[in-house]
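Take a look at the structure below.
2 protein chains.
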Amino acid sequence: MVNLRAEGAGLPTHEVVYRQVRDMILFGELEPGQPVTIQGLVEGLGAGMTPVREALRRLIAEGALVFQGNRRITVPVLDAAAVEELTLARVALEPQLARRAALRCDDAAVALLTATDTRLDAAIAKGDVRGYLVENHQFHAELNAVAGAPILTDLVEGLWLRFGPSLRVVCGQFGTRNLPDQHKAILAALARRDPEGAAAAMQADVAQGMTQIAAGLS
Amino acid sequence: MVNLRAEGAGLPTHEVVYRQVRDMILFGELEPGQPVTIQGLVEGLGAGMTPVREALRRLIAEGALVFQGNRRITVPVLDAAAVEELTLARVALEPQLARRAALRCDDAAVALLTATDTRLDAAIAKGDVRGYLVENHQFHAELNAVAGAPILTDLVEGLWLRFGPSLRVVCGQFGTRNLPDQHKAILAALARRDPEGAAAAMQADVAQGMTQIAAGLS
DNA sequence: CAGGAAATAATTTGATCATATTCTGCGCCT
DNA sequence: AGGCGCAGAATATGATCAAATTATTTCCTG
């Protein structure tokens with residue numbers, strides 16, 4: 009197995025494992041309902057038990073994985089009620105972050121976000137689902153960083169972890185056509201430092217994305 | 009050292025440790041800025057390293073503790089910006105839960121909440137700070153349970169963990185006088201199944217509480 | 001000679017691992 | 001069909017290793 013330290017210079021193993029599993033949840037091959045075993049990760053990643061255990065405990069706390077009472081851990085399966093809750097929370101929080109980002113952003117930030125959005129468009133054009141997921145997440149992560157609100161950003165990141173696998177399933181079903189992209193409107197609002205415009209555009213983006221997920225759960 | 013299993017029949021050790029430390033954060037003697045060591049808890053609770061590690065990793069993920077870059081874990085110290093973020097998040101989420109609770113509640117739920125609020129009043133009258141903290145948290149936890157929205161409840165619980173220690177400091181400074189208590193208004197709205205009234209009362213309760221915390225941070 | 005700063009030694013703490021133990025689920029036998 | 005082992009996975013422990021902080025010592029400077 010590949011050396012874990014290769015990509016995490018100086019980071020503790022449990023942190024590296026956390027990021028690997030997190031990426032598997034957001035962009036990788038972990039599907040809703042799929043069981044996740046500790047030993048499987050120990051063997052698959054070549055790490056010890058303790059770091060894997062800590063990473064999983066953290067992901068469970070964030071809602072990215074669920075602890076099934078008996079000693080079984082799985083990727084969460086969203087039902088309609090869960091999607092509704094997630095929509096409510098995202099609509100409540102993410103426009104606020106967009107608002108703050110508009111207040112605090114500078115030209116460099118707009119340029120960075122524009123570049124990310126360009127890569128996102130390229131991924132869509134190529135039909136590259138994983139690329140879309142990565143760049144879409146990157147776009148929102150960068151925007152949240154501009155907002156400079158660490159607690160709200162943490163909360164929103166947790167929400168993304170919860171619907172990540174389901175979003176991926178939806179993209180697998182529908183391809184990269186018809187994907188939500190209010191990013192142009194968000195970028196325009198940021199460029200003219202318009203907080204309310206950015207908030208409105210973000211709300212539209214969130215609503216569109218969550219509608220897709222709701223439509224996708226059989 | 010006392011037997012950990014005494015109060016946690018059948019629960020895994022890491023779960024028991026998690027609850028103990030969580031209660032120490034919400035109601036106990038852990039102050040903002042105070043360092044929390046793994047070995048200290050291992051010796052203090054009589055548990056092994058792995059369960060303690062897992063419990064701490066979980067609390068860090070929830071924001072109840074912060075990882076200080078180097079390998080140090082402390083109770084978070086809130087600044088004005090953090091209080092502002094927490095206020096925003098609470099105002100966005102908790103009234104929603106109150107609204108749902110009003111829609112779903114029955115007479116038994118109202119009776120349960122009324123009983124808790126009565127104990128809360130008794131604690132205030134006695135000047136019992138810890139009792140106030142416990143019953144106040146209990147009141148909101150019961151209300152959230154009635155709302156039947158597990159994801160939103162999780163998010164809000166995490167927020168409470170973040171401001172718990174600071175709230176306790178404020179109570180220590182000002183005593184139990186002048187404490188926020190819109191609970192009567194909330195209960196009245198629940199009793200008449202009035203979602204908007206419950207949401208408004210909850211918003212007032214949250215705003216009042218967070219204002220106290222903001223005033224208390226030196 | 002005194003004070004302070006830098007370097008070093010010692011102790012404390014965190015991270016990881018190998019291993020033992022316990023519990024769950026499943027197949028088998030009665 | 002129901003109870004009984006058996007396999008496998010999760011939980012928990014203690015030991016070991018590495019890093020960091022703290023205390024101490026030493027050397028240089030005023």
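As they're listed, the protein sequences go chains F and V.
Read left to right, the first sequence gives residues 9 to 226 (our numbering).
Read left to right, the second sequence gives residues 9 to 226 (our numbering).
For glycine and all other residues, C-beta sits at the position ideal for the given N, C-alpha and C.
P103 (chain V) carries a helical assignment under DSSP once its states are collapsed to helix, strand and coil.
As far as DSSP is concerned, V118 (chain V) takes part in no beta bridge. For R108 (chain V), the closest of F:E204, F:L101, F:A89, F:V24 by C-alpha to C-alpha distance is F:A89.
In the three-state DSSP reduction, T82 (chain F) falls in the strand class (E or B). Here the stretch 198-208 of chain F does not lie against the stretch 189-198 of chain V, with fewer than 3 beta-carbon pairs under 8 Å apart.
For E165 (chain V) against L120 (chain V), the beta-carbon gap comes to about 18 Å, at or over 8 Å, which does not count as contact. With a cut-off of 8 Å on Cβ pairs, the stretch 26-45 of chain V is not in contact with the stretch 136-150 of chain F, counting fewer than three such pairs.
A Cβ-Cβ distance of about 14 Å is found for the pair R65 (chain F) and R27 (chain V), leaving them out of contact under the 8 Å criterion.
Below 8 Å, too few C-beta pairs join the stretch 32-47 of chain V and the stretch 32-48 of chain F to call them touching: fewer than three.
Under the Cβ distance rule, G217 (chain F) does not count among the residues neighbouring chain V, no pair being separated by less than 8 Å. For C113 (chain V), there is no enclosing alpha helix (DSSP H), as DSSP gives it neither H nor E. Residue burial is scored here from C-beta neighbours: P173 (chain V) has at least 16 other C-beta atoms within 10 angstroms and is therefore classed as buried. The way I'd put it, the stretch 60-77 of chain V does touch the stretch 55-65 of chain F; three or more beta-carbon pairs between them come closer than 8 Å.
Shown in chain order are the members of the stretch 48-75 of chain V whose Cβ falls below 7 Å from a Cβ of chain F: T58, R61, E62, R65, R66, A69, E70, G71. Between A155 (chain V) and L163 (chain V), the alpha-carbon positions lie close to 13 Å from each other. The contact set of Q104 (chain F) on chain V, defined by CB atoms closer than 8 Å, consists of L96, A100 in chain order. For F75 (chain V), the three-state secondary structure derived from DSSP is strand. Taking a contact as a CB-CB distance under 8 Å, the pair F171 (chain V) and L94 (chain V) counts as one, their CB atoms being some 6 Å apart. Bridge partners of P43 (chain F) according to DSSP: F:T82. Per the coordinates, the alpha-carbon of E70 (chain V) lies some 7 Å from the alpha-carbon of E70 (chain F).
Rounded to whole angstroms, the Cβ separation of G135 (chain V) and G183 (chain V) is 6 Å, and the two are in contact under 8 Å.
Not flagged as an interface residue toward chain V: I33 (chain F), since no C-beta distance is shorter than 8 Å.
For L225 (chain F), the nearest beta carbon of chain V is not closer than 8 Å to its own beta carbon.
The Cβ of E93 (chain F) sits closer than 8 Å to at least one Cβ of chain V. The C-beta separation of D125 (chain F) from H191 (chain F) comes to about 5 Å, placing the pair in contact by the 8 Å criterion.
In this structure, DSSP gives L34 (chain F) a helical state, which the three-state scheme calls helix. Separation of the CB atoms of E92 (chain F) and V177 (chain F) is rounded to 18 Å, and the pair is thereby denied contact status at 8 Å.
At a cut-off of 8 Å between beta carbons, L169 (chain F) makes no contact with chain V. Contact annotation: L96 (chain F) and T82 (chain F) have beta-carbon atoms that are not nearer than 8 Å.
Proximity to L101 (chain F) across F:G54, F:G217, F:Q211 peaks at F:Q211, based on C-alpha coordinates.
For the stretch 145-164 of chain V, the set of positions with a beta-carbon nearer than 7 Å to some beta-carbon of chain F reads A157, I159, L160, D162, L163 in chain order.
At a cut-off of 8 Å between beta carbons, A207 (chain F) makes no contact with chain V.
Per DSSP, E70 (chain F) is not a residue of any alpha helix (DSSP H), being assigned neither H nor E.
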